[in-house]
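First the structure, in the form of structure tokens, and then the observations on it.
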RNA sequence: GGCGGCUUGGCCAAGCGGUAAGGCGACGGCCUGCAAAGCCGUUAUUCUCCAGUUCAAAUCUGGAAGCCGCCUCCA
């Protein structure tokens, strides 16, 4: 059993064999920091976060690079509009991006390079391309990459340059030798950010930064390159052209591209005005609900964001946490366990370094993840495991045998371990449900003391067999969307 | 015009040649004073349609219909 990855380059699922044993170099295209991040950014980031976690879990030493494009026409435009410095703009949105991704429990990549901090690398890269006659400088204009100098052009996107030419939707630039040639370096207009170069003061084109920075941190060839589907052409196609034309060897072994997020079955677009920002989604839903949603469908397919789907996710996550809470109450103690040290599962130690290696459910989960990071089936495995655990607890009744307790402990350990890969179930069930209750109480419409009072009154009524009054109170609370649960340890309440 | 993808139960969604995972919802049962939660059972003899290959197809091939993405900044 080993990892298989769908490779955009070949259009097939392939066995994952890294270039160097036990080491993985992964580069993912990060955001252009000129505006607030939307749910689509979150999907890409969360998916590659899970891929990163899974590669590490699989024992690889992963160098994960995700860049920030911090010099670009859109940033300059935004700077001009707001009268701010472009650096101020990019710093603002980098900070915002980090805050939001931290909130979504996304691990920081190994390295987060910025284009503006690698201008010399970029200039060197372009100079070498010119030397090799893969690029040319047009006096008073740009440095262009010559696509006819690279015979593999179009291999990633399956496009034939001749078919695309016609310039149907691109204004033909008289300076280009071939209409499909693209800019490596462009001259700066007065007031624009600029760096000195052999071709005058200017700034890099979009594609070159990724070739230059991936080369700096991961070398001439590396294992995985990812990003959104829309980047396949032209961005990634052009990266391949630049890097392979220069180094004469395969740039990237596995290309991974994620699908888009639609909003109510429509593409996010400015004209529809339906850009859904991460901060707005975070204001409405628990971060783990958002992750669960983003991972509920295969990463290559489009996913539709809508209220109905999100409501389902709320029920789903509650179900898992409810089981963990139930197990906890049955004296399965995992409150201090974390993904590295299953500290309280002492009876589950399976090897000398006391690291829990996982039970049957974990084995199923591993198979799911190894199959092209199939998080949708991996989530199904979590639910199957929850059901198994609930069954054991149901059968046990009041007194659970030590044998069953051990089984439930293993199940809980597996569930927590699976959650740690998907970046969910990081809270204790108690704090999860407390947060949920606090959030529902936040508007101040309901006084929890009043609810407790009614619950106490109902308990008294039940004791004296005054069920009519007890039911009356249940009904009253139900109208406030409060559900009562009579458990062995007394009555608890929650919001529906 | 060129390239690529999708169509699975009321809804969401796996599956990629061996006889339909999982979630949400609904209904019946167990449990409960009544509930909730949980569990058990029922909710697709069938995967947009048509033809073909095969002992065997949701899965492969050909065709039709509908939907979507990229080719321009885009995760």
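Numbering (our numbering), first residue to last: 16 to 511. Positions of the beta carbon are idealized from the N, C-alpha and C atoms, including for glycine.
>> Suppose contacts are defined by Cβ-Cβ distances below 8 Å. Is residue 444 in contact with residue 343 by that definition?
In response: yes
>> Can you tell me where the alpha helix (DSSP H) holding residue 78 begins and where it ends?
In response: Taken as a continuous stretch (DSSP letters only), residue 78 belongs to no alpha helix (DSSP H), being part of the beta strand (DSSP E) at 76–81.
> By Cβ distance, which residues of its chain are closer than 6 Å to residue 280, with the 5 residues on each side in sequence left out?
Replying inline: 319
> Going by Cα to Cα distance, which pick from 312, 299, 239 is closest to residue 275?
Replying inline: 312
>> Just verifying my parser: in three-state terms, what is the DSSP assignment at residue 421?
In response: helix
> Who are the near neighbours of residue 165 in its chain, counting only those whose CB is closer than 6 Å to its CB and skipping five residues on each side?
Replying inline: 256, 260
> Assuming residue 221 and residue 87 make a contact with CB atoms under 8 Å, what is their CB distance in whole Å?
Replying inline: 7 Å
>> For residue 58 and residue 309, which I take to be in contact (beta-carbon distance under 8 Å), what is that distance rounded to the nearest angstrom?
In response: 5 Å
> If residue 19 sits next to residue 295, beta carbons under 8 Å apart, how far is it from one beta carbon to the other, in whole angstroms?
Replying inline: With a Cβ gap of about 36 Å, residue 19 and residue 295 do not count as contacting.
> Are there three or more Cβ pairs, one per stretch, closer than 8 Å when the segment 155–163 is compared with the segment 199–213?
Replying inline: yes
> Can you tell which of 508, 321, 316 has its C-alpha closest to the C-alpha of residue 245?
Replying inline: 316
> So residue 338 packs on residue 405, CB below 8 Å; how close in whole Å?
Replying inline: 6 Å
>> My output table needs one value for residue 400: the three-state DSSP class, helix, strand or coil.
In response: helix
> Would you say the segment 233–241 touches the segment 136–147, given that touching needs at least three Cβ pairs under 8 Å?
Replying inline: no
>> Please return the same chain residues whose Cβ sits closer than 7 Å to the Cβ of residue 528, not counting the five positions on each side in sequence.
In response: One cannot answer for residue 528 here, as it falls past the ends of the chain, which runs 16 to 511.
> Out of curiosity, what's the CA-to-CA distance linking residue 101 and residue 127?
Replying inline: 19 Å
> With residue 79 and residue 116 assumed to form a contact (beta carbons below 8 Å), what rounded beta-carbon distance in angstroms separates them?
Replying inline: Residue 79 to residue 116, Cβ: 13 Å. No contact.
> So, are the CB atoms of residue 304 and residue 267 less than 8 Å apart?
Replying inline: no
>> Please state the DSSP three-state secondary structure of residue 47.
In response: strand
>> Tell me the DSSP secondary structure of residue 100 in three-state form.
In response: coil
> For residue 509, which residues does DSSP report across the bridge?
Replying inline: 498
> Smallest Cα separation from residue 149: which of 263, 450, 225, 272?
Replying inline: 263
>> Bridge partners for residue 219 per DSSP, in chain order?
In response: 200
>> Contact defined as beta carbons within less than 8 Å: I believe residue 293 pairs with residue 223. What is the distance between those atoms, to the nearest angstrom?
In response: Not really, about 28 Å apart at Cβ, beyond 8 Å.
>> Counting C-beta neighbours from all protein chains within 10 Å, is the total for residue 498 16 or more, i.e. buried, or is it exposed?
In response: exposed
>> My parser needs the alpha helix (DSSP H) runs of 4 or more residues fully inside the segment 146–186; what are they?
In response: 176–179
> Terminal residues of the continuous alpha helix (DSSP H) containing residue 55?
Replying inline: 54–72
>> Given this structure, state the Cα-to-Cα distance separating residue 511 from residue 455, to the nearest angstrom.
In response: 10 Å
> Who are the Cβ neighbours of residue 379 in its own chain at under 7 Å, not counting the five residues just before and after it?
Replying inline: 396
> DSSP on residue 42, reduced to helix/strand/coil?
Replying inline: strand
> In chain order, what residues of the same chain lie with their CB nearer than 6 Å to the CB of residue 28, ignoring the 5 residues before and after it?
Replying inline: 19, 21, 387
> residue 35 bridges to which residues according to DSSP?
Replying inline: 38
>> Using only CA atoms, which one of 500, 423, 509, 376 lies nearest to residue 451?
In response: 509
>> For residue 423 and residue 470, which I take to be in contact (beta-carbon distance under 8 Å), what is that distance rounded to the nearest angstrom?
In response: Contact flag wrong, Cβ pair sits at about 29 Å.
> Within the present structure, is the beta-carbon of residue 331 separated from the nearest heavy atom of the ligand HEM by less than 7 Å?
Replying inline: The model depicted lacks the ligand HEM and carries no ligand whatsoever.
> Taking Cβ to Cβ, would you say residue 269 is nearer than 8 Å to residue 239?
Replying inline: yes
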